[in-house]
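Chains as they are written, first to last, in this note's numbering: chain A, 1 to 91; chain B, 92 to 182. One structure below.
Number of protein chains: 2
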Amino acid sequence: MTEEENRAMIVNLEPDWEIIDNHHLQREWKFDNFKQALRFTNLAGEICEEQNHHADFELGWGRVKVKIFTHKIDGLVEADFILAAKFDCLD
Amino acid sequence: MTEEENRAMIVNLEPDWEIIDNHHLQREWKFDNFKQALRFTNLAGEICEEQNHHADFELGWGRVKVKIFTHKIDGLVEADFILAAKFDCLD
């Protein structure tokens with residue numbers, strides 16, 4: 001997808017998402033403790049398994065940073081935005 | 092703890108652990124799929140909750156990278172090495 005196409009797609013997501021390095025979707029969630037952050041990671045991980053498309057997670061006390069991209073092309077395709085939209089439903 | 096003390100402590104851990112940036116303990120585990128990596132993260136997360144000492148996790152398809160340090164001092168104390176040793180028991 002072109003940068004223009006990416007910009008057109010990202011407006012469908014929650015505003016916290018950003019495109020970093022031109023080709024990775026990233027969003028951070030904050031939580032009150034570690035347990036809630038781990039719980040979110042599990043719910044998001046289930047979605048990854050269902051979609052057979054896997055995000056990268058940075059999990060720490062009270063926070064989860066998610067990075068989504070298609071490793072094969074080191075870039076973004078429609079499936080990346082769909083995965084991001086499904087994570088948004090977890091809020 | 093001094094660098095010398097850190098070096099004396101790390102010999103008690105599995106050899107995959109390294110001290111990065113002089114004051115963070117780091118180890119990466121590899122797995123056959125995402126599910127196993129997520130399972131490991133949950134088991135390690137339980138230990139964090141028990142110890143009330145929380146590591147940082149990078150979770151991706153087939154891999155978990157763990158970083159342990161004491162955020163308050165941005166350095167290492169005995170509790171960090173104990174947490175690392177408990178993670179080693181998960182192998």
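Ideal Cβ positions, reconstructed from N, Cα and C, are used throughout, including at glycine. Here the structure is a predicted model, which is why all the values come from computation and not from measurement.
Any Cβ of chain A closer than 8 Å to the Cβ of residue 145(B) would place that residue at the interface, and such an atom is present. Put simply, the CB of residue 149(B) is near chain A, with a gap under 8 Å to one of its CB atoms.
Between residue 70(A) and chain B, the shortest Cβ-Cβ separation is not below 8 Å.
For residue 80(A), the number of other beta carbons within 10 angstroms of its own is at least 16, and it is reported as buried. With fewer than 16 other Cβ atoms from the protein chains shown falling within 10 Å of its own Cβ, residue 164(B) counts as exposed. Sequence-ordered contacts of the region 104-133 of chain B with chain A read 125, 126, 129, 132, 133 [C-beta pairs closer than 8 Å]. Nearest CB-CB separation between residue 180(B) and chain A: not below the 8 Å threshold.
Sequence-distant partners of residue 90(A) (beyond 5 residues in either direction) whose C-beta falls short of 6 Å from its own C-beta, in its chain, are 43. Note that the region 1-21 of chain A does not touch the region 106-121 of chain B; fewer than 3 beta-carbon pairs, one per stretch, sit closer than 8 Å.
In terms of Cα proximity to residue 4(A), the closest of 87(A), 84(A), 77(A), 82(A) is 77(A). Burial is judged here by how many other beta carbons sit within 10 angstroms of a residue's own beta carbon; residue 64(A) has at least 16 and is buried.
Residues 152 of the same chain have their beta carbon placed closer than 6 Å to that of residue 125(B), with the five preceding and five following residues left out of the count.
Of the residues assessed, residue 93(B) falls on the exposed side of the cut-off, its CB having fewer than 16 other CB atoms within 10 angstroms. For residue 177(B), the uninterrupted alpha helix (DSSP H) run begins and ends at 169-179, by DSSP. Straight through space, the alpha carbons of residue 11(A) and residue 145(B) are spaced by roughly 35 Å.
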